[in-house]
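Enquirer: Its first residue numbered 6, the sequence shown is counted upward by one per residue in my numbering.
Glycine residues also receive a C-beta, built at the ideal position from the N, C-alpha and C atoms.
Please read all numbers here as calculations on a predicted model, not as lab measurements.
If you scroll down you'll find the structure; I have some questions about it.
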Amino acid sequence: MSGPNKAAVKDYLLALQDHICDVLAEVDGKENFAEDNWVRSEGGGGRSRVIANGAAIEKGGVNFSHVTGASMPASATAHRPELAGRSFEAMGVSLVIHPENPYAPTSHANVRFFIAEKDGEAPVWWIGGGYDMTPYYGFDEDCIHWHKVAKDACANFGENAYTKYKHWCDEYFFLKHRGEPRGIGGLFFDDLNEPGFDECFAFMKSVGDTYTDAYAPILAKRKDTPYGERERDFQLYRRGRYVEFNLVYDRGTLFGLQTGGRTESILMSLPPLVKWDYNWHPEEGSPERELYDKYLTAKDWV
Numbered sequence: 006m007s008g009p010n011k012a013a014v015k016d017y018l019l020a021l022q023d024h025i026c027d028v029l030a031e032v033d034g035k036e037n038f039a040e041d042n043w044v045r046s047e048g049g050g051g052r053s054r055v056i057a058n059g060a061a062i063e064k065g066g067v068n069f070s071h072v073t074g075a076s077m078p079a080s081a082t083a084h085r086p087e088l089a090g091r092s093f094e095a096m097g098v099s100l101v102i103h104p105e106n107p108y109a110p111t112s113h114a115n116v117r118f119f120i121a122e123k124d125g126e127a128p129v130w131w132i133g134g135g136y137d138m139t140p141y142y143g144f145d146e147d148c149i150h151w152h153k154v155a156k157d158a159c160a161n162f163g164e165n166a167y168t169k170y171k172h173w174c175d176e177y178f179f180l181k182h183r184g185e186p187r188g189i190g191g192l193f194f195d196d197l198n199e200p201g202f203d204e205c206f207a208f209m210k211s212v213g214d215t216y217t218d219a220y221a222p223i224l225a226k227r228k229d230t231p232y233g234e235r236e237r238d239f240q241l242y243r244r245g246r247y248v249e250f251n252l253v254y255d256r257g258t259l260f261g262l263q264t265g266g267r268t269e270s271i272l273m274s275l276p277p278l279v280k281w282d283y284n285w286h287p288e289e290g291s292p293e294r295e296l297y298d299k300y301l302t303a304k305d306w307v
């Protein structure tokens, strides 16, 4: 069983950021990602890339970060208390894409690698990540395509891999205070270090590499769909759920803020425009109601 190869992970993540930005910029057709390099005073830094006011993408970010620290933050030790007092190294690519068209879904993806070390003890490492999709108006064919790509990404990693990580995603991206999922799910995994680094790294790459296969065709298909003020208002209202999840529950957001990460890069996941309407409910029989009744429910799409 081979140990973790941090250099190989970093090389892969930088190349993945390049690939995703190239594909999404081509789908947008108007704007490219602007690059911003930053250094963290506590150790490490990152390469942020943001696109705004494009032909298809209203705001999106694809960030690479590689940070180090003398002790694990509370967001990590809360579910792994044995890591308290260890130094850490964390690297990953994280992205969120908010299209302008309400018929095009928001999507999120990330892959990450952690290693925690302490003198005299063996290092503890793991990988995590996944991707999920948040539609505002649902289309069965989009949901099926998204989950088929996710299932194919898991095909070489165990008979039950897709089922396990799909269900984990449904459970993780759930707003408990609202009693509803954030979207239609996808894949989510964390604390993965078995059966060994080589296979875990291969799975990370399979998930990272297939994100654009899952999302780019959907964005390309929906970006020019005609819409009006009603659809735009509903999109902005539903974006509020995205903000609530990221600020209340998201592990990556909490980890970044607790480790003194670059705030602008951490919060690039938030949409540029959002609204909250007090005690609003969609009309029965409306397309907006259909999102709740048909798509914001955990189900097997493939």
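1) When DSSP labels each residue in this structure, what does P222 get in the three-state scheme?
2) Report back the beta-carbon spacing between G213 and S99 to the nearest angstrom; my notes put them in contact at under 8 Å.
3) Along the chain, where does the alpha helix (DSSP H) that runs through T258 open and close?
4) Express the C-alpha separation of N42 and R267 in angstroms, rounding to a whole number.
5) In the stretch 124-164, which residue ranges form an unbroken alpha helix (DSSP H) of at least 4 residues, counting only runs that do not cross its ends?
6) Taking all protein chains shown into account, do 16 or more other C-beta atoms lie within 10 angstroms of the C-beta of L296, making it buried, or fewer, making it exposed?
7) Which residue marks the beginning of the beta strand (DSSP E) containing N68, and which one marks its end?
8) Measuring CB atoms only, is the stretch 162-171 touching the stretch 222-231, in the sense that at least three cross pairs come out at less than 8 Å?
9) DSSP has P104 in a bridge; who is on the other side?
10) Can you give the beta carbon distance from G65 to H103, rounded, assuming they're within the 8 Å contact cut?
11) What does the alpha-carbon distance come out to for the pair R244 and N251?
12) For H311, which three-state DSSP category applies?
13) What span of residues does the beta strand (DSSP E) with R54 cover, start to end?
14) Please name the residue in M138, R45 and P9 whose C-alpha comes closest to that of E122.
15) Could you check if I62 is buried or exposed, using at least 16 other CB atoms within 10 Å of its CB as the buried criterion?
16) How would you write the range of the beta strand (DSSP E) that D305 sits in, first residue to last?
17) If you draw a straight line from the alpha carbon of A109 to that of D16, how long is it in whole angstroms?
18) Pick out whichever of M77, S70 and N58 has its Cα sitting closest to the Cα of Q263.
19) In this structure, what does DSSP give as the bridge partners for W173?
20) Take P200 as the anchor and find which of A57, P86 and W130 has the nearest alpha-carbon.
21) Is the beta carbon of D137 sitting closer than 8 Å to the one on G184?
22) Please report how far the alpha carbon of L241 lies from the alpha carbon of E105, in whole angstroms.
23) Let me check understanding here. Comparing Cα to Cα, which of D282, W281 and D298 lies closest to E289?
24) Please work out which residues of its chain come closer than 8 Å, Cβ to Cβ, to D179, disregarding the five sequence neighbours upstream and downstream, and give them in chain order.
25) Could you give the residue range of the beta strand (DSSP E) that holds G191?
26) Could you spell out where the alpha helix (DSSP H) holding N42 opens and where it closes?
27) Which of the three DSSP states, helix, strand or coil, is assigned to G34?
28) Hey, out of E126, H113, A160 and W306, whose CA is closest to E87's CA?
29) On the CB-based measure, 16 or more other CB atoms within 10 Å of its CB, does Y170 come out buried or exposed?
30) Can you name, in chain order, every residue of its own chain whose Cβ lies under 8 Å from the Cβ of K11, other than the five neighbours on each side?
Expert: Quick look at the numbers:
1) helix
2) The Cβ separation is near 11 Å, so there is no contact.
3) R256 to Q263
4) 11 Å
5) 145-158
6) Around the beta carbon of L296, 16 or more other beta carbons lie within 10 angstroms, which makes this residue buried.
7) I62 to G74
8) no
9) I62
10) 6 Å
11) 11 Å
12) Given that the chain is displayed from residue 6 to residue 307, the structure contains no residue 311 and the question cannot be resolved.
13) R54 -> beta strand (DSSP E) spans G49 to A57.
14) P9
15) buried
16) Where D305 is concerned, there is no enclosing beta strand (DSSP E), given that its DSSP letter is neither H nor E.
17) 31 Å
18) M77
19) Per DSSP, none; premise fails for W173.
20) W130
21) no
22) 10 Å
23) D298
24) The amino acid occupying residue 179 in the given sequence is Phe; Asp does not appear at that position. Contacts found: E185, P186 and R187.
25) G190 to L197
26) Boundaries for N42: no alpha helix (DSSP H) harbours it, while the beta strand (DSSP E) harbouring it runs A39 to V44, taken from the DSSP string.
27) In the structure shown, G34 adopts coil according to DSSP, grouped into three states.
28) E126
29) Buried is the call here.
30) Here the set comprises E94, M96, F118 and I120.
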